[in-house]
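Residue numbers (my numbering): 9 to 271.
Structure follows, in structure tokens:
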């Protein structure tokens, strides 16, 4: 009979959903799942999501199952989960190979993830940002484009890959599709909708032929309303080459760190 292990636990406050969880350290089974990820992008993300779910030991009452977790967790929340799991797994100290941006000198530095960590947490109530809808209008010559924007959840990400996983969508199109929940074209003269798109294939078909002005304004609205809330791991180092010695600022990717830990 296996012993009843007591695992290290770390508390995470999700920066966008603002829900609070406790997560345990990685175990061998979690590592195996991650290592089984295929090269298909969503296979990696899906296994990370499932490992996070398996590591959760305390959660809000409304997170009743894995689907509820996906529907109430954003992509930036996932980064915070991965960071917290690394901390619970005693992986704070990381040895990183870096290259000076000024002279190209390669060196190795040791960083503490805790000292690199910075988070900007949504100031509202838990779950509020998940449910918020941002209404954006873009005026064209004869029409008004109305887009309803929401912060992308892991459930929306899964839906995107289900519909478009085999296609190499441009990053700007993918970003817009992740955020747009509804897209309408309104005739200025009649003030009536001439096209309504509420499901992903229809939203894409409506979005792609629109003038680039629409993309610019929607991208700015996404940045203004969603991008500022999240976490970063940013650190500084000085070039080791004596005649350079310049300060460099680098940002770590938590997903890369996760896979570095298990390989």
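Note that CB positions come from ideal geometry on N, CA and C, so glycine has one too.
Just so you know, these numbers come straight off a predicted model, no measurement behind them.
Of all alpha-carbon atoms in 232, 44, 202 and 72, the one lying nearest the alpha-carbon of residue 59 is that of 44. Among the bridge pairs identified by DSSP, residue 204 is matched with 192. Between residue 267 and the set 138, 91, 82 and 28, the nearest pair of CA atoms involves 91. For residue 231 and residue 123, the gap between their C-alpha atoms comes out near 26 Å.
The continuous alpha helix (DSSP H) containing residue 96 extends over residues 83-96. Within the region 199-262, the runs of alpha helix (DSSP H) that reach at least 4 residues and sit entirely inside it are, in chain order, 208-215 and 220-230. Boundaries of the beta strand (DSSP E) around residue 157: 151-157. Taking residue 233 as the centre and dropping the five residues before and after it, the same chain places the C-beta of 142 closer than 6 Å to its C-beta, in chain order. Nearest in C-alpha terms to residue 162, of all of 132, 146, 144 and 55, is 55. Look at residue 128 here: in three-state DSSP terms it is strand. Contact between residue 29 and residue 130 fails: their C-beta atoms lie close to 15 Å from each other, not under 8 Å.
CA-to-CA, the gap between residue 155 and residue 65 works out to about 38 Å. With respect to residue 265, residue 42 sits apart: the two C-beta atoms are not nearer than 8 Å. Residue nearest to residue 150 within the set 219, 79, 14 and 224 is 219 (criterion: CA-CA distance). Secondary-structure assignment with DSSP links residue 146 through a beta bridge to 153. For residue 126, the closest C-alpha among the options 39, 105 and 240 is that of 240. Rounded to the nearest angstrom, the Cβ distance from residue 105 to residue 16 is 28 Å, too far for a contact under 8 Å.
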